[in-house]
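Residue numbers for the sequence shown follow our numbering, so the first one is 89 and each next one is one higher. Beta carbons are placed, not taken as given, at the ideal position from N, Cα and C, and that holds for glycine.
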Amino acid sequence: MMSSVRPWIQPTVDAIAALNISLMQFASTVDGSNMTLLMQPLLSDPAFAFFGWVLAYDWVYGSREVVSFEGDAGTLVLISSADSPSLSVSSSNVTKTATRGIYYLVYYTSVVLAAIAVVCFGYLIAIRFDMP
């Protein structure tokens, strides 16, 4: 499997390097007087490559976003923190009423179709399955 993936590794590294995707962190001295912007490119440092590939996988999978911030002094292309999709359940009365209405509609349709099937089968028995 690795041999089938190997031809795609270097073009992927080159594409991510061309985008200059990085992690960013602000750091300060103990007293907080000196703030420094720390940057870590995803795949350029061999010591960080494993974590960079994990971050790239999360980006492809959709749990992270890459955003470009352009300003007068330069551009920062940053990867976001992991974001798990949240689904909210609505407990509104409208949703419950609509769901109940759809349930009864499906139930009614099933009963009518079952009744039609019974009538058709009864007719077939009455004519002794002798169809013209």
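Could you give the first and the last residue of the continuous beta strand (DSSP E) run that contains residue 167? DSSP places residue 167 in the uninterrupted beta strand (DSSP E) bounded by 163–167.
What did DSSP end up calling residue 129 once you bin it into helix, strand or coil? Residue 129 falls in the strand class under three-state DSSP.
Measure the alpha-carbon distance for residue 120 versus residue 187 and round it to whole angstroms. For the pair residue 120 and residue 187, the Cα-to-Cα distance works out to about 56 Å.
Just how far apart, CA to CA, sit residue 197 and residue 183? Computed Cα separation, rounded: 21 Å.
Run through DSSP, which three-state label would residue 116 get? DSSP places residue 116 in strand when its eight states are reduced to three.
Distance between residue 149 and residue 212 (C-alpha atoms, nearest Å): CA-CA distance, residue 212 to residue 149, rounds to 57 Å.
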